[in-house]
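Enquirer: Here the numbering used here is used: the first residue of the sequence shown is 8, the next is one more, and so on. No residue lacks a Cβ here, since even glycine has one placed at the ideal position from N, Cα and C. Have a look at the structure that comes next, please.
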Amino acid sequence: MTDATQLAARLDDAVRSGLPIPQLSLETALSLDEAYDVQRAGVDLRRRRGEQVTGVKLGFTSRAKAEQMGVSDVIVGVVTDAMEIVDGGIIDIARGVHPRVEPEVAFRLGESVDPTDPAIDLANAVTDVAPALEVIDSRYRDFRFSLADVVADNTSASAYVIGPWQSIDDARATDGLAARAVELAVDGVTGETGSTEAILGDPMAALPAIQRMAARHGHELPAGAVLLAGAATAALPLQAGTTFTATVAGLGAASLRVA
Ligand code: OOG
């Protein structure tokens, strides 16, 4: 068993037990590339359990998020069908270690893309856009980590909800996607507010970033893949018995009930 497989198994145990582990970087010097190897080994474990990869997510695209977590580089992670919750669906709070939720913008690919092909512009393959919620749940104690730690931990990916899809062309024709108001509400009361501008200045800017990261770290971008562009505000802790709703002006809303 390689180190990456062993480290991935420790993170996977934390996902399944709900018990946090110490940061890997406290014991093991992990380069960023090695951290992506651990992430890949963790995704392989999920695949062997029958999970199917549904897409990729970008992290730390927002300055508020980066400041909240004390980390600054953009990172990429993988989402699977086991993480998907239908819009308005229920998440069991007992499933996580210390889950938090954040409002996002999601894209969907109409065709498969080879991210390593420099002639390809990922934006041209995107057909739809939607408001989304992402549940992040660091497997590390106190939600504290280095950049390598969080990459190894599949960028804290835990669950996601996609709101109504609409055509990217229609959405962009009316004012583009930048500078749209974003709200994260808890039981209908405003919790966090922000703007899609927080996502790299414009969520469209997440696409070349995803392409570059996917090419570098070997993530696939098949037709139908969901691309989560990153959070537009700081994250809020999930609380049992509450409903979280992310609203993106002009795109609509996505919601999640916590049981
Ligand atoms: C890492 C994941 C951050 C985002 O949208 O910035 C992320 C974390 O904060 O645990 O998904």
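Across the stretch 74-88 and the stretch 188-204, are there enough close Cβ pairs to call them in contact, namely three or more that are closer than 8 Å?
Expert: With a cut-off of 8 Å, the stretch 188-204 and the stretch 74-88 do not count as touching, because too few Cβ pairs lie within range.
Enquirer: Return helix, strand or coil for Gly56, following the three-state DSSP convention.
Expert: Looking at the sequence itself, residue 56 is Arg, so the reference to Gly does not match. It is coil, neither helix nor strand.
Enquirer: Between Gly237 and ligand 1, is the CB less than 6 Å from at least one heavy atom?
Expert: Checking every heavy atom of ligand 1 against the Cβ of Gly237, one is found closer than 6 Å.
Enquirer: Hey, Thr87 and Thr123: beta-carbon distance below 7 Å or not?
Expert: Contact flag unset, no.
Enquirer: Measure the beta-carbon distance from Val120 to Leu129 and round it to whole angstroms, keeping in mind my assumption that it falls under 8 Å.
Expert: Right, their Cβ atoms sit about 6 Å apart.
Enquirer: For Ala247, I'd like the list of residues in its chain whose CB is within less than 6 Å of its CB, leaving aside the five on either flank, ordered along the chain.
Expert: The answer, listed in chain order, is Ile100 and Val265.
Enquirer: Let me make sure I understand the geometry here. Which of Ser38, Thr134, Gly170 and Gly201 has the alpha-carbon closest to that of Asp94?
Expert: Closest option to Asp94, Cα to Cα, is Gly170.
Enquirer: Who pairs with Pro244 in a beta bridge, going by DSSP?
Expert: Pro244 pairs with Arg107.
Enquirer: Can we count Thr203 as close to ligand 1, meaning its CB is less than 6 Å from some heavy atom?
Expert: No, the beta carbon of Thr203 sits no closer than 6 Å to any heavy atom of ligand 1.
Enquirer: Just to confirm my understanding: we take Ala16, look at its own chain, exclude 5 residues before and 5 after, and list those with CB closer than 6 Å. What are they?
Expert: Within the same chain, Ala16 has no close Cβ partners at all.
Enquirer: May I ask you to verify whether the stretch 147-158 touches the stretch 32-42, counting CB pairs closer than 8 Å and requiring at least 3?
Expert: Touching, per the Cβ criterion.
Enquirer: Is the beta carbon of Thr162 within less than 6 Å of some heavy atom of ligand 3?
Expert: By its list of ligands, the structure shown excludes ligand 3, since it contains just ligand 1.
Enquirer: Within 10 Å of its beta-carbon, does Gly103 have 16 or more other beta-carbons around it, so buried, or fewer, so exposed?
Expert: Flag for Gly103 reads buried.
Enquirer: Considering Ser165, what are the terminal residues of the beta strand (DSSP E) in which it resides?
Expert: Segment Ala164 to Ile169, the beta strand (DSSP E) holding Ser165.
Enquirer: Check the C-beta distance from Ala269 over to Ser38 and give it rounded, since I have them as a contact under 8 Å.
Expert: An answer regarding residue 269 cannot be provided, because it is not within the stretch 8 to 266 covered by the chain.
Enquirer: Answer with buried or exposed for Leu31, where buried requires no fewer than 16 other C-beta atoms within 10 angstroms of its C-beta.
Expert: Classification for Leu31: buried.
Enquirer: Let me check understanding here. Comparing Cα to Cα, which of Tyr147, Asp176 and Ala166 lies closest to Ile97?
Expert: Residue Ala166 is the option with its Cα nearest to Ile97.
Enquirer: Hey, out of His105, Gln13, Met76 and Asp10, whose CA is closest to Ser2's CA?
Expert: Not covered by the structure: residue 2. The range shown for the chain is 8 to 266.
Enquirer: Let's test the definition: count the other Cβ atoms within 10 Å of the Cβ of Asp149 and tell me whether it reaches 16, buried, or not, exposed.
Expert: Label assigned to Asp149: exposed.
Enquirer: Could you name the residues that DSSP lists as bridge partners for Thr250?
Expert: Per DSSP, Arg264.
Enquirer: For Leu65 versus Ile175, is the C-beta distance shorter than 7 Å?
Expert: Contact: no.
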